[in-house]
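Enquirer:
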Amino acid sequence: MKKNKIFVACDSTNISKIKKIIEHTSDTKLKIGYKFGLEFLNSKNGRNFISKLKKKIIFVDLKLHDIPNTCVSTIKAIKDLRVNYLTIHISSGLQALKAAKKVSGPIRLVGVSILTSLDNKELKEIGFNKNIKRLVLHQARLAKKAKLDAIVCSAKEVQIVRKVFKKEIITPGIRFHSNNNDQKRVLTPKQALKNGAHSLVIGRNITRGNIKKNIKSLISHLSQ
Ligand code: C5P
């Protein structure tokens, strides 16, 4: 079970809640990392809290989506946090991805493909002509071209992505309890790993309710 990483999405602004998440997930059979998004990083004490975390795998989900210069400046601005992973939307474009990769140093730069909260209907609504699978494959090629260190996609697209992108594949949209919430392209942890995902991002199915109990049910789901 230590082979694959589980990134716990720490989606809250409440420091005590984040401390509880870390405390209740640290000492398990799983290899755990912690993912902090815009919500926590923009909260009053969030950045400072992350700067003090020791011996944890830290994933900063900024989902940069900007011009090359702004992506580069932002990466420079968070370097003091010494995080392990940082996300950028692949749709920022090849120039932005390459520029970001040039300055990211030891941070693993993760390209985000089409969000797991979107389906084909919504993609069309935004104005994309390709379907999700084709678009994700196209973006995986771009991520490879920019020499990104990892890619985020739905577990449903892992097999397609693997054909062209040989590095770490990280999948959110993971559910082992019934409620999909706002996610559209979901699979179970077991299905995601079977498809070849290296790491999983799991938020609410771990952090809502009894965290220890949720971890236990994740471990039992994985060992079945
Ligand atoms: O609670 P849940 O497991 O749905 O949380 C998923 C986490 O992964 C959230 O923090 C969300 O921002 C992030 N994410 C995602 N889909 C992507 C990229 C990141 O759900 N494509």
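With my numbering applied, the sequence shown corresponds to residues 4 to 227, in that order. Each residue gets a CB set at the ideal place from its N, CA and C atoms; glycine is no exception.
1. What's the gap between the Cα of Val106 and the Cα of His68?
2. Hey, quick one: how far does the alpha helix (DSSP H) through Lys104 stretch, first residue to last?
3. Just mark Ile70 as buried or exposed, buried being the case when its beta carbon has 16 or more other beta carbons within 10 Å.
4. With a threshold of 16 other CB atoms inside 10 Å of the CB of Arg178, please say whether the residue is buried or exposed.
5. Under DSSP, the beta strand (DSSP E) around Phe62 begins and ends at which residues?
6. Relative to the C-alpha of Glu125, which candidate in Arg188, Leu84, Ser226 has its C-alpha closest?
7. Would you mind reading off the limits of the beta strand (DSSP E) that contains Thr16?
8. Tell me whether Arg207, by its Cβ, gets closer than 6 Å to a heavy atom of the ligand GTP.
9. How would you label His141, buried or exposed, when you count the other beta carbons within 10 angstroms and need 16 or more for buried?
10. Just to confirm, does Asp14 get its C-beta within under 6 Å of one of the non-hydrogen atoms of the ligand C5P?
11. Please determine if the segment 183-200 and the segment 17-27 are in contact, where contact requires at least 3 C-beta pairs separated by less than 8 Å.
Expert: The short version:
1. Straight-line spacing of the CA atoms in Val106 and His68 works out to 16 Å.
2. Annotation: the continuous alpha helix (DSSP H) that includes Lys104 extends over 97-106.
3. Counting Cβ neighbours within 10 Å, Ile70 comes out exposed, since fewer than 16 surround it.
4. By the neighbour-count criterion, in which 16 or more other beta carbons inside 10 Å mark a residue as buried, Arg178 falls on the buried side.
5. Note, Phe62: beta strand (DSSP E), 60-67.
6. Minimum Cα distance to Glu125 is reached at Arg188.
7. No beta strand (DSSP E) contains Thr16, which DSSP labels as neither H nor E.
8. This structure does not include the ligand GTP; its bound ligands are the ligand C5P.
9. So His141 ends up on the exposed side.
10. Yes.
11. No: fewer than three Cβ pairs fall under 8 Å.
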